[in-house]
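**Student:** Heads up, the sequence shown is in numbering that gives the first Met the number 0, so the first residue is 0 and it goes up one at a time.
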Amino acid sequence: MTDNTTAELLRLSQELLDAIVAGDWDNYARLCDPSLSCYEPEACGHLVAGMEFHRYYFELQPSTSPRNTTIASPHVRVLGDTAVVSYVRLTQKLDAHGAPVTAAMNETRVWHRQPQGWRHVHFHRSAC
Ligand code: GLY
C-alpha cells in the first residue's frame, strides 16, 4: 500500500460523504458500483443491494441546515484491487433549538479498483 493510494481512498471517501450531505446524487452514483451493498441503520438490519434504496434519500428535499462531515481515526487496508476504509464519521449539525451537536457513527467502506478507478462496493454503518 502506498501513501498515495491511502490518500486517494480517503479523498474519495470524503467526496462520497460530501455528496451525501449535499444531496448530490450524480457524484454519489459516480463513486459507487451499481451493485453497491450495505448494512446501515436505515435498512433495519437487512443487507440492501443496489442503488435505489439510496436514491430515495437523495430525492428528498435537501436540508437547509448547515452540516459538516469529518472522517476521524481512519484506517485503510489495501488487499490487491480491494480496499477497506474504516473510520468514525463525525457529523456536526444543529439540533431543534439551533444549538450545534455532533453525531458519531462507525463506518467501514469497501472499494474495488476497476478500470475506470476506485468504486465503492460495500459499506456498513453502525452507532458508536
Ligand atoms: N446511505 C448512503 C451511504 O452512507 O453511502
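Where is the CB? At the ideal position from N, CA and C, for every residue including glycine.
Computed from a prediction, not measured in an experiment: that's the story for all the values here.
Report the residue from Trp117, Val20, Glu14, Val77 whose alpha carbon sits nearest the alpha carbon of Phe57.
**Tutor:** Val20
**Student:** How many angstroms separate the CA atom of Val87 from the CA atom of Thr5?
**Tutor:** 16 angstroms
**Student:** Start and end of the alpha helix (DSSP H) containing Leu15?
**Tutor:** For Leu15, the enclosing alpha helix (DSSP H) starts and ends at 2–21.
**Student:** Just to check my reading of the structure: Leu59 and Val120 have Cβ atoms closer than 8 angstroms, yes? What is that Cβ distance to the nearest angstrom?
**Tutor:** With 8 angstroms as the limit, Leu59 and Val120 do not qualify as a contact, their Cβ atoms being about 25 angstroms apart.
**Student:** Between which two residues does the beta strand (DSSP E) holding Arg112 run?
**Tutor:** 99–113
**Student:** Return the first residue and the last residue of the alpha helix (DSSP H) that Asp25 is part of.
**Tutor:** Taken as a continuous stretch (DSSP letters only), the alpha helix (DSSP H) holding Asp25 covers 24–30.
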